[in-house]
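2 protein chains.
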Amino acid sequence: MGKSLYFCGSIRGGRDDAALYLKIVEHMKLYGKVLTEHVASPEMSASESTGVDASLTTAEIHDRDMIWLSDCDAVVAEVTVPSLGVGYEIGRAMNFNKPILCLFRPETGRRLSAMIDGAPNPSNKITVKTYTEVQEALNYVTAFLSTCS
Amino acid sequence: MGKSLYFCGSIRGGRDDAALYLKIVEHMKLYGKVLTEHVASPEMSASESTGVDASLTTAEIHDRDMIWLSDCDAVVAEVTVPSLGVGYEIGRAMNFNKPILCLFRPETGRRLSAMIDGAPNPSNKITVKTYTEVQEALNYVTAFLSTCS
């Protein structure tokens, strides 16, 4: 039985990693339905409303996404490009007590927010994994989605 | 009686607005104690651990900040520079049902995350204000802190 999955990636924060998001989302689809697959679409733009969100107000986008987040079985977030929206989704997902996998590439020269890097502890379900090659990230996704409930 | 206040601004996401954060925090101090005033310090760096956080692990930073966030009376967030940490703090503050003022400058050419722009509704306590001149932002802070409880 496939899971309902929520992928978080930067949209208005910047689309530098859009191609990577697509690889991660395509891999997640092996394990269930990705509710937010449009985040990985090449149509999505940082600077203008495009794709499936083009006809929605930001309130409609927010409310739809929060329903998906509360309904999902697990969250995967690529956190290398700084994004208010991704941080917000992770914060809200913590309150929904969702299993959360955060993926980060240190070689970009960025430092991961202390709010994300410092979040994991034995009382919650958030994990942060660093990686270099895409296949490492996909392996982390496999391990995460194979075990989370 | 002074309030306990929480200011959110980008650190590892980038320090372009650090001088602006300082003006906002100095203004907030007229209304109470700003628990996170170090966010506005010129010593804080995006690329290395400096200032008061230099001796702490990211877990210690995160846990301290979440205690402050749960204890505070109100949150002010400057959201123009995309930041995972600021988004996370806003998401967690929503869970804590805190009054939240978000300040954004559209003339930078950025678009505000739909997760933040679309969050306000009659059932919650988050407000988003756009501004151009610093004094407008300070006026919004005054109005917000004078009325929130």
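From first to last, the protein sequence lines stand for chains U and D.
Note that numbering that gives the first Met the number 0 has the first sequence beginning at 0, numbered continuously upward.
Note that numbering that gives the first Met the number 0 has the second sequence beginning at 0, numbered continuously upward.
The beta-carbon is built from N, C-alpha and C at its ideal position, and this holds for glycine as well.
For the stretch 88-104 of chain D, list every residue whose C-beta sits within 7 Å of some C-beta in chain U, in sequence order.
For the stretch 88-104 of chain D, the set of residues with a beta-carbon nearer than 7 Å to any beta-carbon of chain U comprises Glu88, Ile89, Gly90, Arg91, Met93 and Asn94, in chain order.
Per-residue burial, Ser145 (chain U) [other beta carbons within 10 Å of its own, 16 or more giving buried]:
Taking the first residue of the first sequence as position 1, residue 145 (chain U) is located at position 146. With fewer than 16 Cβ atoms within 10 Å of its Cβ, Ser145 (chain U) is classed as exposed.
Which whole runs of the alpha helix (DSSP H) in the stretch 46-128 of chain D are 4 residues long or more, in chain order?
Within the stretch 46-128 of chain D, complete alpha helix (DSSP H) segments of at least 4 residues are found at 57-70, 83-94 and 113-116, given in chain order.
Thr57 (chain U) at chain D interface by Cβ criterion, 7 Å:
By one-based count along the first sequence, residue 57 (chain U) stands at place 58. For Thr57 (chain U), the answer is yes, since a Cβ of chain D falls inside 7 Å of its Cβ.
Lys28 (chain U) - containing beta strand (DSSP E), residue span
Within the first sequence, residue 28 (chain U) is the residue found at index 29, counting from 1. Annotation: Lys28 (chain U) is outside any beta strand (DSSP E) and is labelled neither H nor E by DSSP.
Pairwise C-alpha distance: Arg11 (chain D) and Ala113 (chain U):
Looking up residue 113 (chain U) in the first sequence gives position 114. Looking up residue 11 (chain D) in the second sequence gives position 12. C-alpha separation (whole angstroms): 8 Å.
Cutting at 7 Å between CB atoms, please list the residues of its own chain near Asp116 (chain U), excluding the five before and the five after it.
The residue given as residue 116 (chain U) occupies position 117 in the first sequence. For Asp116 (chain U), where only same-chain residues beyond five positions count, the Cβ hits under 7 Å are Val127.
What residues from chain D crowd round Ala39 (chain U), counting only those whose CB sits closer than 9 Å?
Residue mapping note: residue 39 (chain U) aligns to position 40 of the first sequence, counting from 1. Ordered by position in chain D, no residue passes the 9 Å Cβ test against Ala39 (chain U), which lies about 16 Å from the chain.
His37 (chain D) and Val24 (chain D) closer than 7 Å at C-beta:
Taking the first residue of the second sequence as position 1, residue 37 (chain D) is located at position 38. Taking the first residue of the second sequence as position 1, residue 24 (chain D) is located at position 25. No, they are not a contact pair.
Can you check DSSP and say which residues form a bridge with Cys7 (chain D)?
One-based indexing of the second sequence puts residue 7 (chain D) at position 8. D:Ala76.
Against chain D, with Cβ distances strictly below 7 Å, would Asp116 (chain U) count as a contact?
For the purposes of this step, residue 116 (chain U) is taken as residue 117 along the first sequence, with counting starting at 1. Yes, its Cβ sits closer than 7 Å to a Cβ of chain D.
Starting from Gly50 (chain D), find everything on chain A with Cβ-Cβ shorter than 9 Å and list it in chain order.
Judged by its chain identifiers, the structure shown contains no chain A, and its protein chains are U and D.
Quick check: the stretch 24-35 of chain D against the stretch 78-91 of chain U, are at least 3 beta-carbon pairs closer than 8 Å?
Taking a cut-off of 8 Å for Cβ pairs, the stretch 78-91 of chain U and the stretch 24-35 of chain D do not touch, as fewer than three such pairs fall below it.
Other residues of its chain near Tyr139 (chain U): CB distance less than 8 Å, five sequence neighbours each side excluded
For the purposes of this step, residue 139 (chain U) is taken as the residue at position 140 of the first sequence. Closer than 8 Å at the Cβ level, and outside the excluded window around Tyr139 (chain U), lie Leu100, Leu102, Lys128 and Tyr130.
Which chain U residues are close to Ala45 (chain D), counting only those with a beta carbon under 8 Å from its beta carbon?
If you number the second sequence from 1, residue 45 (chain D) lands on position 46. Taking a Cβ-Cβ threshold of 8 Å, the residues of chain U close to Ala45 (chain D) are Arg110, in chain order.
Which partner residues does Lys2 (chain U) have in the DSSP bridge list?
Sequence index remark: in the first sequence, residue 2 (chain U) carries index 3 (1-based). Within the DSSP secondary-structure output, Lys2 (chain U) pairs in a beta bridge with U:Gly31.
Given that a residue counts as buried once 16 or more other Cβ atoms are within 10 Å of its Cβ, and exposed if not, what is Leu29 (chain D)?
Position 30 of the second sequence, counted from the start, is the residue given in the question as residue 29 (chain D). Classification for Leu29 (chain D): exposed.
Using the three-state DSSP reduction, which class does Tyr139 (chain D) fall into: helix, strand or coil?
Residue numbering aside, residue 139 (chain D) sits at position 140 when the second sequence is read from its first letter. Helix at Tyr139 (chain D).
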